[in-house]
Every structure is written in structure tokens, then in C-alpha cells.
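Engineer:
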Amino acid sequence: MASQCRSLSFSSDDNGQSNFRGKLLTIDSKLGSQDVEALKFLCRDCISHKELEKASSASDIFDHLLAEEQLSEEDSFFLAELLYLIKQKSLLRLLNQTKEQVESLLPTRGRVSLFRKLLYELSESISSDNLKNMIFLQRDSIPKIQMTSLSFLAYLERQGQIDEDNLKLLEDLCRRVVPNLVRKIEKYKREKASRAPPTRVGDKELVSLPQGEEETFPCYNMEPLSEALPIVLSVLVCTYLEVELLDHMETGVYRMNRKHRGHCVVVNNHTFTSMDDRPGTDKDAEHLKHVFEWLGFSVCVYDNVTKGRLDEVLQEYKSHPGHADGDCFVFCVLSHGEYGAVYSSDEILVPIQEITSHFTAQKCPSLAHKPKLFFIQACQGEEIQPPVYIEADAVNPEHVAPSLQKSIPNEADFLLGLATVPGYKALRHMVDGSWYIQSLCHHLKSLVPRNEDILSILTVVNRDVSQKADSKGKWKQMPQPAFTLRKKLVFPVPPERL
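Quick note on our numbering: the sequence shown kicks off at 241 and runs consecutively.
1. Just to confirm, is the Cβ distance from Gln264 to Phe317 under 8 Å?
2. Contact check, Gly492 vs Lys727 under 8 Å by CB: the rounded distance?
3. DSSP on Gln341, reduced to helix/strand/coil?
4. Within a Cβ cutoff of 6 Å, which residues of the same chain sit near Leu749, ignoring the five residues on either side of it in sequence?
5. Identify every residue that forms a DSSP beta bridge with Lys728.
6. When the Cα atoms are used, what is the spatial distance from Thr546 to Val539?
7. Going straight from the alpha carbon of Cys681 to that of Pro383, what length do you get?
8. If you count every other CB in all the chains shown that lies within 10 Å of the CB of Phe376, and 16 or more means buried, which is it?
9. Compare the Cα-Cα distances from Ser706 to each of Ser330, Tyr676, Asn406, Pro732 and report the closest residue.
10. Return helix, strand or coil for Lys280, following the three-state DSSP convention.
11. Suppose only complete runs of 4+ residues qualify. What are the alpha helix (DSSP H) ranges in the stretch 335-415, listed by chain order?
12. Between which two residues does the beta strand (DSSP E) carrying Asn702 extend?
13. Of the residues Phe723, Gly502, Val573, which one's Cα is nearest the Cα of Pro561?
14. Asp543 and His510 look like a contact to me (Cβ under 8 Å); what is the Cβ gap, rounded to whole Å?
15. What are the boundary residues of the beta strand (DSSP E) that includes Ser584?
16. With a 10 Å radius around its C-beta and 16 neighbouring C-beta atoms as the bar for buried, classify Ala394 as buried or exposed.
17. So, helix, strand or coil for Ile616, using DSSP?
18. Provide the residue span of the beta strand (DSSP E) that contains Arg501, from first to last.
19. Answer with buried or exposed for Thr348, where buried requires no fewer than 16 other C-beta atoms within 10 angstroms of its C-beta.
20. Out of Val733, Leu407, Arg703, which has the shortest C-alpha to C-alpha gap to Tyr428?
21. Can you name the start and end residues of the alpha helix (DSSP H) that Gly566 belongs to?
22. Pick helix, strand or coil for Leu311, following the three-state DSSP scheme.
23. May I ask you to verify whether the stretch 557-576 touches the stretch 611-618, counting CB pairs closer than 8 Å and requiring at least 3?
24. What residue does the beta strand (DSSP E) around Leu658 start on, and which one ends it?
25. In the DSSP assignment, find the alpha helix (DSSP H) that holds Asp516 and state where it starts and stops.
26. Whose C-beta lies closer than 6 Å to the C-beta of Ile287 among residues of the same chain, with five residues either side of it excluded?
27. Evaluate Thr338 with the Cβ neighbour count: other Cβ atoms within 10 Å of its Cβ, from every protein chain shown; 16 or more gives buried, anything less gives exposed.
28. Could you check the C-alpha separation between Tyr557 and Glu308 for me, to the nearest Å?
29. Please state whether the Cβ-Cβ distance between Pro611 and Leu658 is less than 8 Å.
30. Any idea what DSSP makes of Pro721, helix, strand or coil?
31. Could you tell me the distance, in whole angstroms, from the CA atom of Leu334 to the CA atom of His683?
32. Please state whether DSSP places Glu454 in a helix, a strand or coil.
33. For the beta strand (DSSP E) holding Val545, just list the boundary residues, first then last.
34. Can you check whether the CB of Lys523 is closer than 8 Å to the CB of Asp565?
35. Look at the alpha carbon of Ala468 and the alpha carbon of Asn420, and state the distance between them as a whole number of angstroms.
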């Protein structure tokens, strides 16, 4: 008989939040007054000035971040970023992070702005004598109070004398007092310019014509336009651009502003011919439907899908007319499975690649250049992942399998999220649903409003699920994504919190 996934009953750790606060208290005890000042400065963009003025310790700042859901046990990366920036890298271990992990995630998950980091870096290079000279040059506009380099820069910012687009005063001060710091400001300007989005009119890219070049349009009797009117020309040209042009532009972020978000399909297999039922799967399907509808998708849930019915669903969505005006496509499978495949309700093993291949650009042109996401909650083998204190030299060594990458087509814009790595079981609570799907839904709800991209969200899901264990601490799980996305996928923030 084909292998079956095992449903688990376990209890959550009631002391989890208390333990996390204990770690925060330990971090607080390791930080000095200068560290606290640095944290307050780096948090100026996410905590009000009034609240920061009240904070006298790191724990005060942590309390505010916790209350505003900017810090949690499940997602402590913002704090890890702050500790990294103030050079307290040894404390990252308390958050189960390493310097290398933080460095790899900063480009996609970093929340401290370039401008804030520039000012902090400058403050570290301004000596007490340098500061004294800068204050002397600005004496007419600076109050006669004791200042640190950070409080001096914060005062200039608060008074509107410097901001992310206006650094003239700061450049002049550095040029007179600490000339070598001008290079840092110039580097900031270059990096900021490289990150700036292209200028747009409405939803379309602003296209500039060469100066002096004339342009005519059908149905319009226009005199040759002068060199002084390139912006007007650009607006007129944009009205003739196809909407799809924007998606091909190298903006770095997938377009998410068509008529509708797209379709989401959920295949939810609870009952099988001879395999065990999958209690808890209906909770997963319910949460997926709820979250993706919140994100703007049209969601259809199909229960206990046979192989024949699955083929019909795949054919229907391969040629669905709604894809033309949609931003994205999502396909979820909740079932039993083996490596690289899932079971239909009549127990036919269906390769994941057979599912994803229906939506290539050749077979489904209306989804070309659009992100296609597949989430699979199914076992990928028979092994149970042990806790880290039990050593294992191989992953199911007697059944070494090819790369997971082969489950997705050899073309761009696909993402496959598997509940577990090849060779292992995926764990499911018989009442509350599976670890992976519940974590995915939870973090979509909490991180989409923070404008996190899908890969950053899946990284948090990986970390969350990897830290779970059954009530006896014997069984663990590690999800695994594979993708060929070319850009960041950032879902627009829904108008209401879920």
C-alpha cells in the first residue's frame, strides 16, 4: 500500500512569549547608554519622537515595537538588523541569527532607510572635537545644550535643515570639518539614485523623447513641438502605450495593478480510497481561502479531487480567460504525497511537475511574465526530521532524489513552496491544521501590511516551522521553496486588516 502521512496531536509552548521577553531582557542588560541612543535614532522612522523621548532603556523600545507588532518571536529580524547596525553582532545568537544570515537578508528585508544609516555612519566618524567645530559653525541655530553627534544630526533633521533629498548643509559642514566624510554622502547619493523608481505618469512608464525631435500623432493636427516640451510629449506618448508594456520593464517588482489580483485554486483532499483521512486539512483550506480572498484573489476550493477531476481543473485554469486581466496565479494542494508528487483522492500519484507544466508561457500565454505560485502541503517521503541534537549524516540516503528544481518548469516566474524537504514527512495537527499552511497564512497576514516580498515572507515561514516540535520534542519539520522569479513579488496592502 502506498505510504501515508501521519497526523499529529501536540500542545503549543505556553511559555514561548515569556521566553522571548526573557531574551529581550538579556539583550537589554548587554546594551549601554550609547547603544540605547543609537537604537532610538535608528527607530526614528517607525516610532514617534514623543515615544522615543520617553524611552530610557532598550526594553522600553522593545516594548513599543512589540505593541506595534513590529517585533515578535516569529519575526525578530528588525531587531536583528538594529543589533547588526550598532555592531552588537554577538547578541544575534539570542535571536537564533548569525551575522551571515542577517547580511544575506538585509537587501530584501532591511527596514532602516539609507538616509538613517548614512546619518548613523557619519555620527560614528564625528569625534568630539569635530562635533564641537560643527556646533560652532551652526551656533546661531543650535541651542546651547550638551549634544552628541547623533543628537546633533537628529536636531538638524527635526528642524528641517537636512532630509533624505537635501544634504547641502551636512555636506558643507563635513567639507569644512571632516572632508573625508563627504565620500560617504556621495556614495549615499549614488545608491539612492540607483534605487529610485522610474518616473511615472498614472500607471505607465514616463518615456522621454530626444530633445528637438518632432512627433506627430494620428487624428491630431499638431505643430512641431519645441525642445522645451519633452514632458508634454511624454504624457501623450504614454497614452498610446499598451498596459502590458509596464510588466516587461525592468522595474524590479512584479506589476500588481491590473483589473483583478488573479485566481487561487485550492485542492483539498481529506478522504481517500484506502489511505488514512487527513483531519485538520479543512482548517488549512479555510485559512487559505480567507487569506487569499483578503489579498484580492478569486478563490475556488475543490474537495476530494480525483485524478480525472484534477485534469479537468488544470485544463479549465490553463485556458481561463480571467488570467488576461489578472496580476498573479496561485495553486495550492493539500494531500498525501511522496517525493516530487501528490496523491489524488483516488490514490493516483501525480508529479508536481505535471501540475506546474500546465501554466508555462507556451501553454498558458495569458500568464506569461506574471508570477505563478504553487504551495504543496504533502509528505515528500517517509522520514521524520529529528531535533538538532540527534545527528543524521544523510537525508533518506537510500533514496537520493533529483533536485526539487525539476518540479518547476525551466522558465521564469514560477515559485514552488513545499511543506517539507525531500525525503521527509509534513506534519499536520488533527484539529488546527498543518504547521506549514498555518504559518504561511499567519505570516502573509502579518507581513504583507509591512510591504514584505513573498521570498522574505517564506524565509520567515521556514524559520517559524523549523522551530516547531511535537509535544515530546521528537519530530521537527523544515519547508523548502524553489523559484525562478525574476523580480520581487509584493502584494498590495489590503484596505483592511484581516
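Note that CB positions come from ideal geometry on N, CA and C, so glycine has one too.
Structural biologist: Per the coordinate set shown:
1. A quick correction: the sequence has Leu, not Gln, at residue 264. Inclusion of Leu264 and Phe317 in the CB contact set at 8 Å is not warranted, their separation being larger than that value.
2. Taking C-beta atoms under 8 Å as the contact rule, Gly492 and Lys727 qualify, at a distance of about 6 Å.
3. Helix.
4. Past the edges of the chain, shown from 241 to 738, lies residue 749, and the structure says nothing about it.
5. Answer is Val493, bridged to Lys728.
6. Thr546 and Val539 have their C-alpha atoms roughly 19 Å apart.
7. Approximately 51 Å, taken between the alpha carbons.
8. Exposed, because fewer than 16 other Cβ atoms sit within 10 Å of the Cβ of Phe376.
9. Of the listed residues, the one whose Cα sits closest to Ser706 is Tyr676.
10. DSSP places Lys280 in helix when its eight states are reduced to three.
11. Complete alpha helix (DSSP H) runs here, min 4: 339-349, 354-365, 368-377, 389-398.
12. Unbroken run through Asn702 is the alpha helix (DSSP H), 694-706; no beta strand (DSSP E).
13. Nearest of Phe723, Gly502, Val573 to Pro561, Cα basis: Gly502.
14. About 7 Å; that satisfies the 8 Å criterion.
15. Looking at the DSSP string, Ser584 is not in any beta strand (DSSP E), and its letter there is neither H nor E.
16. Ala394 should be labelled buried.
17. For Ile616, the secondary structure class from DSSP, reduced to helix, strand or coil, is strand.
18. Arg501 -> beta strand (DSSP E) spans 500-508.
19. Under a 10 Å Cβ-count criterion, Thr348 is classified as exposed, with fewer than 16 other Cβ atoms of the shown protein chains found around its own Cβ.
20. It is Leu407.
21. Boundaries around Gly566 are those of the beta strand (DSSP E), 566-574, since no alpha helix (DSSP H) includes it.
22. Secondary structure at Leu311: coil, using DSSP grouped into helix, strand and coil.
23. Yes, the stretch 557-576 touches the stretch 611-618.
24. Boundaries of the beta strand (DSSP E) around Leu658: 654-658.
25. No residue range can be given for Asp516, since it is assigned to no alpha helix (DSSP H) and is classified by DSSP as neither H nor E.
26. Around Ile287: His304.
27. Exposed is the call here.
28. Cα-Cα distance, rounded: 40 Å.
29. Going by C-beta atoms, Pro611 is not nearer than 8 Å to Leu658.
30. In the structure shown, Pro721 sits in a strand (DSSP, three-state: E or B).
31. Roughly 22 Å between the two C-alpha positions.
32. With a pLDDT of 36 at Glu454, under the threshold of 50, the predicted position of this residue should be treated as unreliable, though the coordinate-derived value follows. Glu454 falls in the coil class under three-state DSSP.
33. That residue, Val545, is in no beta strand (DSSP E); it is neither H nor E in DSSP.
34. In this structure, Lys523 does not lie closer than 8 Å to Asp565 by Cβ.
35. Below a pLDDT of 50, predicted positions are generally treated as unreliable, and Ala468, at 39, falls in that range; the measurement from the model is reported next regardless. The straight-line gap from Cα to Cα measures roughly 40 Å.
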